[in-house]
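Be aware that the sequence shown starts at 1, since it is given in our numbering, and climbs by one per residue. All C-beta atoms in this analysis are idealised placements derived from N, C-alpha and C, irrespective of residue type, glycine included.
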Amino acid sequence: MISDAKLRKVLEKLLENTSNVFIIGHSEPDFDAIGSAIGLQVLLTRLNKKSYIVVDDKELEAGVKKIVENNKNRYSIINNEECLSLVNKKSLLIMTDVNPYYLTSLKDDLDKFKNILIIDHHKETKDTVKTDYKFIDINRSSASEIVTNLLSSYKKLNIDSKTANYLLCGIVLDTRRFRKNTSVDTMNAAKYLIKKGAQSDIVDDLFLSEFEEDKKINNLVFRNTIFRTFASSSLENKNIAFVLNREEPKSIYKREELAKAADKLLQYKVDASFSIGYINDEIISISGRSKSDIDVADILSSIETVQGGGNPTSAGAKAKDISPAEFENILINKITEYLQDTHDNPYVLKKTKKY
């Protein structure tokens, strides 16, 4: 596990010769990306360093959109164009909750930054940004946990309750409400945030779903899921769920909607789930989730035609020039290889009620 003290030391060293700092999460940021970015921005302000959070997405998940719209000035949230107008030779870029270059909106402009610091909890891949300053720990629940521990190392630092709530949202999201990837460090981080004013009812309110989005996800899951049982000589039978829109294959989804569909399937007796769908006319997105010893990041990263990564229980990928159904077949073959000597028996999750 990476030392929080080492992260603090490197950050402070980088700041000595830095004029301004830009903080960016992955495209279509979730609560962990935006929460950890806000935590970093607050820390940098307390350290008397001018910083900005870069968000360049036109569409955001409802809770994240609420945070961004309500706090643009409070946390200096800017877009790509504004960012590039402010960058200079002494600027520092901090990437949080992301390490592959292609998952950031600044992917074509990373060469404008002499120094880049990565703070993440996802596995490194061939597409991880090349930098000497990487703090990637897949044993941490979230980037928000890492940033919270960094904040807590400054004993005299006071953070406001809003910041505490947003960081707690990031931890709650990536632990599925403390049901996975939860360690003593995770609980201590949550305890620290509660002491700083985080409130569960405010966090819960940010997680409330929009009706139309929830209906869309439920229709995708309950009308289009196939379960397959994989068996091998070395492992017990594994049940894996695959969801894609089989009725209207060209349907377009937000990446976050596909992630929520994969999450929802873990409510059932499955060891892993994969959700596949178009996010525009050409590109499909894949979300993988696991609650057993199946490493969904390893499976997705083993497919040469995709760009993807994550951690063992939560991963994502994108692919071009392939349909969701075609990718499902490739994925099934890869899982078969992964589990060795397997057979599969498909059956469909049926639900007559239409949302």
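Q. Can you name the start and end residues of the alpha helix (DSSP H) that glycine 393 belongs to?
A. A query on residue 393 cannot be resolved here, the shown segment of the chain reaching from 1 to 355 and no further.
Q) Taking the alpha helix (DSSP H) that leucine 442 falls in, what are its first and last residues? A) Nothing in the structure corresponds to residue 442, since the chain is present only between 1 and 355.
Q. Which partner residues does phenylalanine 22 have in the DSSP bridge list?
A. The sequence position of residue 22 within the sequence shown is 22, counting from 1. Its beta-bridge partners are Tyr52, Leu93.
**Q.** Whole-number beta carbon distance between alanine 190 and threonine 96, since they are thought to touch under 8 Å
**A.** Here residue 96 corresponds to residue number 96 of the sequence shown, with the count starting at 1. Here residue 190 corresponds to residue number 190 of the sequence shown, with the count starting at 1. No, threonine 96 and alanine 190 are not in contact; Cβ-Cβ is about 18 Å, not under 8 Å.
Q. What are the boundary residues of the beta strand (DSSP E) that phenylalanine 227 is part of?
A. Locating residue 227 in the sequence shown gives position 227, where the first residue counts as 1. Where phenylalanine 227 is concerned, the enclosing beta strand (DSSP E) stretches over 225 to 230.
Q | Secondary structure of threonine 342, DSSP reduced to three states | A | Residue numbering aside, residue 342 sits at position 342 when the sequence shown is read from its first letter. Residue placement at threonine 342 cannot be trusted, given a pLDDT of 43 that sits under 50; what the coordinates show is reported in the next sentence. Threonine 342 falls in the coil class under three-state DSSP.
Q) Under three-state DSSP, which class holds aspartate 127? A) One-based indexing of the sequence shown puts residue 127 at position 127. Coil at aspartate 127, not helix or strand.
Q: Below 8 Å CB to CB, which residues in the same chain sit around asparagine 237 once its five sequence neighbours on both sides are set aside?
A: Start at 1 with the first residue of the sequence shown, and residue 237 comes out as number 237. Excluding positions up to five away in sequence, the list reads Thr229, Phe230, Ala231.
Q: Determine the burial state of aspartate 120: buried for a count of at least 16 other Cβ atoms within 10 Å of its Cβ, exposed for fewer.
A: By 1-based counting over the sequence shown, the position of residue 120 is 120. Looking at its Cβ environment, which holds 16 or more other Cβ atoms inside 10 Å, aspartate 120 is buried.
Q: Taking only the alpha-carbon atoms, compute the straight-line gap between lysine 254 and isoleucine 279 and give it to the nearest angstrom.
A: As a position in the sequence shown, residue 254 is number 254, starting the count at 1. As a position in the sequence shown, residue 279 is number 279, starting the count at 1. The alpha-carbon atoms of lysine 254 and isoleucine 279 are separated by roughly 6 Å.
Q.
For a quick check, are the C-beta atoms of glutamate 124 and glycine 309 less than 9 Å apart?
A. Stepping through the sequence shown from its first residue, residue 124 is reached at position 124. Stepping through the sequence shown from its first residue, residue 309 is reached at position 309. Against a cut-off of 9 Å, the Cβ pair of glycine 309 and glutamate 124 comes out as a contact.
Q. Between serine 273 and isoleucine 322, is the Cβ-Cβ spacing less than 9 Å?
A. In the sequence shown, residue 273 corresponds to position 273, counting from 1. In the sequence shown, residue 322 corresponds to position 322, counting from 1. Cβ atoms of serine 273 and isoleucine 322: not closer than 9 Å.
Q) Is it a yes or a no for the stretch 135 to 153 touching the stretch 163 to 170, going by three-plus beta-carbon pairs under 8 Å? A) yes
**Q.** Cα-Cα separation, isoleucine 136 to lysine 107
**A.** Residue numbering aside, residue 136 sits at position 136 when the sequence shown is read from its first letter. Residue numbering aside, residue 107 sits at position 107 when the sequence shown is read from its first letter. Isoleucine 136 and lysine 107: Cα-Cα distance of roughly 19 Å.
(Q) Beta-carbon within less than 7 Å of lysine 250's beta-carbon, same chain only, minus the 5 sequence neighbours each way: which residues are those? (A) Counting from 1 along the sequence shown, the entry for residue 250 is found at position 250. Correct list, in chain order: Tyr278.
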